[in-house]
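Mapping the sequence shown onto this note's numbering, position 106 (from 1) lands on 119, and the numbers just tick up by one. The C-beta atom is built at its ideal place from N, Cα and C for all residues, glycine as well. No experiment lies behind these values; they were computed from the predicted model shown. Worksheet: the structure to be examined is printed underneath.
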Amino acid sequence: MMKHEETARGNHRAGNNCAVSVYTAFADINTNPGSIPAPRADGGKCGAYLAGIKLLNDMGKGDTQEFEKEFLSRFGSIKCGELRRSKVPCNDLVGGATEIIDALVK
14 MMKHEETARG NHRAGNNCAV SVYTAFADIN TNPGSIPAPR ADGGKCGAYL AGIKLLNDMG
74 KGDTQEFEKE FLSRFGSIKC GELRRSKVPC NDLVGGATEI IDALVK
């Protein structure tokens with residue numbers, strides 16, 4: 014399962030935004046892809062968080078409430094601005110969101 018995290022982090026290092034980086038990392042198992050959410054489009058929420066929720070819904074797997082709970086537990090917020098102010102590197106948000114998704118879709 015490490016492959017998704019490595020792919021997501023690599024996508025982000027290549028210049029993709031957080032949402033695109035997380036969402037496209039699961040192309041190998043997402044059989045019902047939809048449109049990728051725009052970062053901060055939903056009330057200033059983190060793109061990695063939004064992509065995680067969208068992925069879980071699109072795949073019909075996992076629990077979005079559990080995803081949110083774990084994301085908040087790890088990072089302290091789901092808001093992009095708050096996460097940036099707390100100096101959480103975006104690549105760590107991308108990697109962390111991907112780890113959580115992998116655990117939920119097993």
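About 6 Å separates the Cβ atoms of Ser99 and Gly89, confirming a contact at the 8 Å cut-off. Along the stretch 19-54, the alpha helix (DSSP H) occurs as fully enclosed runs of 4 or more residues at 31-38, listed in sequence order.
In summary, Pro50 is buried, with 16 or more beta-carbon neighbours lying within 10 Å of its beta-carbon over all protein chains present.
With a cutoff of 9 Å on beta-carbon distance, Thr37 and Asn24 are scored as near each other. Per DSSP, Lys67 is one residue of the alpha helix (DSSP H) stretching across Gly60 to Met72.
Between Ala32 and Gly60 a beta carbon distance of about 3 Å is seen, short of the 8 Å cut, so the two are scored as contacting.
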